[in-house]
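Colleague: Sequential numbering of the sequence shown, starting at 1, is according to this note's numbering. Using N, Cα and C, we set each Cβ at its ideal position, and we do this for glycine too. Everything numeric in this text was worked out from a predicted model, so none of it was measured. Pasting a structure here, questions to come.
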Amino acid sequence: VMKHLKPELHRDDWDLLVAHFLGVDHVGHRYGPSNPAMESKLLQMNTVLEDLVNEITSRDMTDTVLFVFGDHGMTDDGNHGGASEDEVGAALFVYSPNPILSNIESTPGTIKKKKAPGKSENEIHL
Numbered sequence: 001v002m003k004h005l006k007p008e009l010h011r012d013d014w015d016l017l018v019a020h021f022l023g024v025d026h027v028g029h030r031y032g033p034s035n036p037a038m039e040s041k042l043l044q045m046n047t048v049l050e051d052l053v054n055e056i057t058s059r060d061m062t063d064t065v066l067f068v069f070g071d072h073g074m075t076d077d078g079n080h081g082g083a084s085e086d087e088v089g090a091a092l093f094v095y096s097p098n099p100i101l102s103n104i105e106s107t108p109g110t111i112k113k114k115k116a117p118g119k120s121e122n123e124i125h126l
């Protein structure tokens, strides 16, 4: 995936690009989330994400939105499939070189729509 991602970004024949990285899932199942191998894999993924964000920014891809998310979490021994918070919790990272939701304010755990004059405040608790 890493070998093909950057060249694909330079093409202009896509509207949606999906890159599925299996490494974090594989390391988690094999060694568990607290193993040094997971730290190494996450550092590698951080580098990939930094490079991707820099590429989007430097190429002025202003109509691009990057979504990075996990499909599940895992227990201390690397399993999932149950209903515990560790198994069903997953991360979400969204990046755009342009403001996506300019009328949104967020704090950890809460997203608030900015209050328009004379309107009530809408709030979503995460």
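I want to know whether the segment 50-58 touches the segment 69-82 - three or more CB-CB distances under 8 Å.
Modeller: no
Colleague: Between K41 and V24, is the Cβ-Cβ spacing less than 9 Å?
Modeller: For K41 and V24, yes; Cβs fall inside 9 Å.
Colleague: Per the DSSP calculation, V94 is bridged to which residue(s)?
Modeller: Paired residues: F67.
Colleague: Determine the closest residue to L43 out of M74, T57 and V27, with distance taken between C-alpha atoms.
Modeller: V27
Colleague: Check whether the segment 57-73 touches the segment 92-99, counting contact only when three or more Cβ pairs, one atom from each stretch, lie closer than 8 Å.
Modeller: With a cut-off of 8 Å, the segment 92-99 and the segment 57-73 count as touching, because enough Cβ pairs lie within range.
Colleague: What residues in its chain sit with their C-beta under 8 Å from that of H20, if we drop five residues either side in the sequence?
Modeller: V1
Colleague: Please classify T62: does DSSP put it in a helix, a strand, or coil?
Modeller: coil
Colleague: So for P33, helix, strand or coil by DSSP?
Modeller: coil
Colleague: Could you check what DSSP says for W14 in three-state terms: helix, strand or coil?
Modeller: coil
Colleague: Measuring CA to CA, which of H29, I56 and E39 is closest to E8?
Modeller: I56
Colleague: Relative to the alpha-carbon of R170, which residue among R59, H29 and M38 has its alpha-carbon at the smallest distance?
Modeller: Residue coverage of the chain in this structure runs from 1 to 126, which leaves residue 170 outside it and unanswerable.
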